[in-house]
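Residue numbers for the sequence shown, in this note's numbering: 870 to 1289. C-beta atoms are modelled at their ideal positions from N, C-alpha and C, and glycine is treated no differently. Note that this is a predicted model, so its numbers are computed, not measured. Read through the structure below, which is laid out as structure tokens, and then see the notes.
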Amino acid sequence: MNKIKFNKESGPREVFCGLTSIVWLHRRMPDAFFLVVGSRTCAHLIQSAAGVMIFAEPRFGTAILEEKDLAGLADAHEELDKVVNDLIARRPEIKTLFLVGSCPSEVIKLDLATVAEKLNKRFLGQVRFLNYSGSGIETTFTQGEDGALKALIPLMESTEEEKLLLVGTIANNVEDRFKKIFNNLGIKNIESFPPRQSTDLPKIGCNTKVLLTQPYLSDTLRDLQHRGCEILYAPFPLGVEGSTKWLLAAANAFKIPDLKVHEIIAPLANRARQALESHKNVLKGKKLFLLPESQLEISLARFLHNECEMDLIEVGTPYLNKELMEEEINLLPENTKIVEGQHVEKQLDRVRESQPDLVVCGMGLANPLEAEGIHTKWSIEMVFSPIHGIDQAADLAGLFSKPLKRNHILTTKTLATNKY
Ligand code: SF4
């Protein structure tokens, strides 16, 4: 690992909780239902997040624990039972139902694993029940996906068949393009986890080669390793550099020469580098500060420095799995400052002191920073936009160059108006 400055920080946090990931998970697996066992705050979060992002009938619900339920666990169980019965009667298309835990103390006391076990017996052959936590006390927003995938692993059957398993939700069209490249390389047996249907789970075993598409799946990775899967460590497929190294890692595991990979991706990489130029003109030399939220921060910092020539002031990340991120960290420039965890006030002080051109942060911090004249980019946009792959490199850079361009135009107009 090259010379990187690692720091840890703890204190008040300002991040979305793991419930947020339901928004992209239910889009990925339309036959699954996410039942949030939580308070009205949870219901508001999930409804406003989804209301902004999707226009379909939601496939998640919230079992709201009223005041009377909070007085005793028996009532909470009863309420949950009633909601599940109603739901299954009304929505026979549901094949997998996730009970998603949240923060209120009465919910924490509920043993959702036992509830899921009982429901599995009652609805045997009709619906599968699983549970995980999306609580803000235990998770940041991308970790919800880690919990959901980990819960699915025990349902995956075993196989000795050799395959490449792409792990982590990405946009379906991006996934199709990756599969096409792998096919051209000669890797034919490729599956994805999560699959597009919750019941269509891939089989796994000692000849399964796991390639992560997202960096926030540490628990899932560990459980896949326990099931005998081989883990392919690589930078993540963001930008030309990350995507190339990611493809090379898969090719090496299948004994495909590097030269073949470079031949196949050369036209794509050339096009992407050309398309990046106009964004690089805007981003070059601009100071970037990444606050911790999505766990994508290290990969984004690597892309924005190495391919867009931005200067990194600080790279925050809610959690750091050094083994998983080693290949990424090795690509960062010397003396990059990585801060794991959060003390939001101290971080905001450092932001103000360093006067960055752009701050990547959560939605809650963006407005106050903008009000102070500091330009921001919501980190949540990175998980809702198709940013993976060589051909998406320019679009990814565009997410950062657009706000800077817009602000430049606004400043120029204001200056011109003031002049006359
Ligand atoms: Fe619910 Fe806790 Fe998330 Fe708030 S932080 S929405 S209470 S799970």
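Could you spell out where the alpha helix (DSSP H) holding Leu1193 opens and where it closes?
Numbered from 1 along the sequence shown, position 324 holds the residue referred to as residue 1193. Per DSSP, Leu1193 belongs to the alpha helix (DSSP H) from Lys1191 to Ile1198.
May I ask you to report which of helix, strand or coil DSSP gives Ile923?
Here residue 923 refers to the residue found at position 54 of the sequence shown. Here the model assigns Ile923 a pLDDT of 41, short of 50, so the residue's position is not dependable and the matter cannot be decided.
Measure the beta-carbon distance from Lys1156 to Asn876 and round it to whole angstroms, keeping in mind my assumption that it falls under 8 angstroms.
Working through the sequence shown from its first residue, we reach residue 1156 at position 287. Working through the sequence shown from its first residue, we reach residue 876 at position 7. Between Asn876 and Lys1156 the Cβ distance is about 19 angstroms, and since that is not below 8 angstroms, they are no contact.
Gly907 beta carbon near the ligand SF4 (any heavy atom closer than 7 angstroms)
As a working mapping, residue 907 is identified with position 38 in the sequence shown. Checking the Cβ of Gly907 against the ligand SF4 gives yes.
Could you please give me the residues that DSSP links to Tyr1292 through a beta bridge?
In the structure displayed, the chain extends from 870 to 1289; residue 1292 sits before or after that span and is not available.
Where does the unbroken beta strand (DSSP E) through Leu1101 begin, and where does it stop?
Mapped onto the sequence shown, residue 1101 falls at position 232. Leu1101 -> beta strand (DSSP E) spans Glu1099 to Leu1101.
Specify, as a first and last residue, the run of the alpha helix (DSSP H) that Thr1038 falls within.
If you number the sequence shown from 1, residue 1038 lands on position 169. Segment: none, Thr1038 is in no alpha helix (DSSP H) and carries neither H nor E.
Would you kindly report the start and end of the unbroken alpha helix (DSSP H) that includes Asp1226?
For this step, residue 1226 is matched to residue 357 along the sequence shown. Element bounds for Asp1226: n/a, residue is neither H nor E.
Is it buried or exposed for Gly930, if we count other Cβ within 10 angstroms and need 16 for buried?
The residue you call residue 930 lines up with position 61 of the sequence shown. The residue is buried, with at least 16 neighbouring Cβ atoms inside 10 Å.
Quick check on this structure: which residue in Leu1169, Trp1247 and Glu1209 has the alpha carbon closest to the alpha carbon of Ala1266?
Looking up residue 1266 in the sequence shown gives position 397. Ranking the options by Cα distance to Ala1266, first place goes to Leu1169.
So, for Gly994: in the same chain, excluding its five sequence neighbours on each side, which residues have a beta-carbon less than 7 angstroms away from its beta-carbon?
Here residue 994 refers to the residue found at position 125 when the sequence shown is read from its first residue. Answer for Gly994: no residue qualifies.
Could you check the C-alpha separation between Leu981 and Ala1020 for me, to the nearest Å?
Counted from its first residue, the sequence shown places residue 981 at position 112. Counted from its first residue, the sequence shown places residue 1020 at position 151. So the alpha carbons of these two residues sit roughly 12 angstroms apart.
If contacts are defined as beta-carbon pairs under 8 angstroms, then Leu1086 and Glu1014 qualify, I think. What distance do you get, rounded to the angstrom?
As a working mapping, residue 1086 is identified with position 217 in the sequence shown. As a working mapping, residue 1014 is identified with position 145 in the sequence shown. The Cβ separation is near 7 angstroms, so the contact holds.
Considering only residues of the same chain and omitting the five flanking positions on each side of Ile1059, which have a CB-CB separation below 6 angstroms?
Within the sequence shown, numbered from 1, the residue matching residue 1059 stands at position 190. Once the five neighbours on either side are set aside, the close Cβ partners of Ile1059 are Leu1033, Lys1048 and Phe1051.
Where Asn1150 falls, given that 16 or more other Cβ within 10 Å makes a residue buried
For the purposes of this step, residue 1150 is taken as residue 281 along the sequence shown, with counting starting at 1. That one is exposed.
Give me the Cβ distance between Val906 and Leu949, rounded to the nearest whole Å; I'm assuming they're in contact under 8 angstroms.
Within the sequence shown, the letter at position 37 stands for residue 906. Within the sequence shown, the letter at position 80 stands for residue 949. Between Leu949 and Val906 the Cβ distance is about 6 angstroms, and since that is below 8 angstroms, they are a contact.
Pairwise C-alpha distance: Val953 and Gly1037:
By 1-based counting over the sequence shown, the position of residue 1037 is 168. By 1-based counting over the sequence shown, the position of residue 953 is 84. Approximately 28 angstroms, taken between the alpha carbons.
Gly1003 and Gly970: beta carbons closer than 8 angstroms?
Taking the first residue of the sequence shown as position 1, residue 1003 is located at position 134. Taking the first residue of the sequence shown as position 1, residue 970 is located at position 101. A contact, by the Cβ cut-off of 8 angstroms.
Nonlocal neighbours in the same chain, by C-beta distance under 6 angstroms from Glu1197, ignoring five residues either side
Your numbering for residue 1197 matches position 328 in the sequence shown. Contacts found: Pro1104, Ile1167, Ser1168 and Arg1171.
To the nearest angstrom, how far is it from the Cα of Asn1042 to the Cα of Trp893?
Position 173 of the sequence shown, counted from the first residue, corresponds to residue 1042. Position 24 of the sequence shown, counted from the first residue, corresponds to residue 893. About 14 angstroms.
Exposed or buried, which one is Thr983 when buried takes at least 16 other CB atoms within 10 Å?
Residue numbering aside, residue 983 sits at position 114 when the sequence shown is read from its first letter. Exposed, by the Cβ-count rule.
Out of curiosity, what's the CA-to-CA distance linking Phe1269 and Lys1246?
Here residue 1269 refers to the residue found at position 400 of the sequence shown. Here residue 1246 refers to the residue found at position 377 of the sequence shown. About 7 angstroms.
Pick out whichever of Gly1185, Lys1153 and Ile915 has its Cα sitting closest to the Cα of Met1179.
In the sequence shown, the residue the question calls residue 1179 occupies position 310. The residue with the shortest Cα to Cα distance from Met1179 is Lys1153.
Cβ shell of Ser1061 (< 7 angstroms), same chain only, five flanking positions each side left out
In the sequence shown, the residue the question calls residue 1061 occupies position 192. The answer, listed in chain order, is Leu1035 and Glu1044.
Taking 7 angstroms as the limit between beta carbons, can you name the residues of its chain near Gly1108, skipping five residues before and five after?
One-based indexing of the sequence shown puts residue 1108 at position 239. Around Gly1108: Phe1172, Glu1176, Ala1262 and Leu1265.
DSSP-derived helix/strand/coil call for Val884:
The sequence position of residue 884 within the sequence shown is 15, counting from 1. In the structure shown, Val884 sits in coil (DSSP, three-state: anything other than H, G, I, E or B).
Using only CA atoms, which one of Asp900, Thr889 and Ile1256 lies nearest to Ala912?
Within the sequence shown, residue 912 is the residue found at index 43, counting from 1. Checking every option, the nearest Cα to that of Ala912 belongs to Thr889.
When you compare the CB positions of Gly1185 and Gln1211, do they come within less than 8 angstroms of one another, or not?
Residue 1185 sits at position 316 when you count from the first residue of the sequence shown. Residue 1211 sits at position 342 when you count from the first residue of the sequence shown. Taking 8 angstroms as the Cβ cut-off, Gly1185 and Gln1211 qualify as a contacting pair.
Note down, in chain order, each residue of its chain lying with its Cβ closer than 6 angstroms to the Cβ of Asn1276, except the 5 sequence neighbours on either side.
As a position in the sequence shown, residue 1276 is number 407, starting the count at 1. Here the set comprises His1244.
Looking at Gly1231 and the ligand SF4, is the gap between the Cβ and the nearest heavy atom below 7 angstroms?
On the sequence shown, residue 1231 is found 362 positions in, with the first residue counted as 1. Incorrect: Gly1231 has no Cβ contact closer than 7 angstroms to the ligand SF4.
Quick check: the Cα distance between Ala1141 and Thr1082, rounded to an integer number of angstroms?
Numbered from its first residue, the sequence shown carries residue 1141 at position 272. Numbered from its first residue, the sequence shown carries residue 1082 at position 213. Cα to Cα, the separation comes out at about 19 angstroms.
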